[in-house]
Amino acid sequence: MIDLDGNSVEEGMEPSSEVPMHTSVYKTTDAVAVVHTHPLYASTLSAVVDELPAVHYMVALLGGPVRVAPYATFGSPELADNSIEAMKGRFGAILANHGATTYGDSLAKAYTRSIYLEWVCRMYYQAKLLGQPNILPDEEIARVAEKLTTYGQTVPETS
Ligand SMILES: [Zn+2]
45 MIDLDGNSVE EGMEPSSEVP MHTSVYKTTD AVAVVHTHPL YASTLSAVVD ELPAVHYMVA
105 LLGGPVRVAP YATFGSPELA DNSIEAMKGR FGAILANHGA TTYGDSLAKA YTRSIYLEWV
165 CRMYYQAKLL GQPNILPDEE IARVAEKLTT YGQTVPETS
């Protein structure tokens, strides 16, 4: 356990190497929880694209198309800065040649966003194998985002 400056406040395990990124998200958003992962499909796309487009309406759960933050060494202040920049107006970002980070005002929301980000990355990857995917317009993502806020905070299963 650490404080927002990255100082340990409790004896125990070593904190994540990504302390600068986690604390930066807490400092610059209303995050109550931050989830950082190295999921296969988001990591795969991170090496190829600059943004996960709105290939499925559930990108609205992330706030819209998800940007890929430029690469920087893991644990570095540069990666934290790049992540925060990529997350503007979003609830997550893909990290180039690395992984993904999401946040929320609860651990459940941050985690759900992490799961959905990976699911949409996988869907985009699969759609690209078949051809050029149709991308939803910004207006539709805004409409879905509005619907999700009145959806009882319930999120459907990914299966
Ligand atoms: Zn990482």
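The numbers in the sequence shown follow our numbering, run straight up by one, and end at 203.
Positions of the beta carbon are idealized from the N, C-alpha and C atoms, including for glycine.
These numbers were taken from a predicted model, which means no experiment stands behind them.
Taking every protein chain shown into account, the CB of N126 has 16 or more other CB atoms within 10 angstroms, so this residue is buried.
Annotation for T72: the continuous alpha helix (DSSP H) segment containing it runs V63 to T72. Bounds of the beta strand (DSSP E) holding I138 are G136 to L139.
At least 8 angstroms separates the beta-carbon of A144 from that of S68. The set of residues with CB atoms less than 6 angstroms from any heavy atom of ligand 1 reads, in chain order, E62, H80, H82, F118, H142 and G143. Restricting attention to alpha helix (DSSP H) runs no shorter than 4 residues, the region 131-179 encloses them at 151-174, ordered along the chain. In the displayed model, S120 falls within coil according to three-state DSSP, outside both helix and strand. Judged by beta-carbon spacing, Y115 lies beyond the 8 angstroms limit of E184, meaning their Cβ atoms are not closer than that value. E95 is bridged by DSSP to R111.
Counting along the chain, the unbroken beta strand (DSSP E) around A77 starts and ends at A77 to T81. Here S90 is not bridged, per DSSP, to any residue. Here S60 carries a coil assignment [DSSP, helix/strand/coil]. Distance from the CA of P64 to the CA of D149, rounded to the nearest whole angstrom, comes to 19 angstroms. The straight-line gap separating the alpha-carbon atoms of L105 and P121 is approximately 27 angstroms. Contact annotation, V110 with A137: C-beta distance approximately 6 angstroms; criterion of less than 8 angstroms satisfied.
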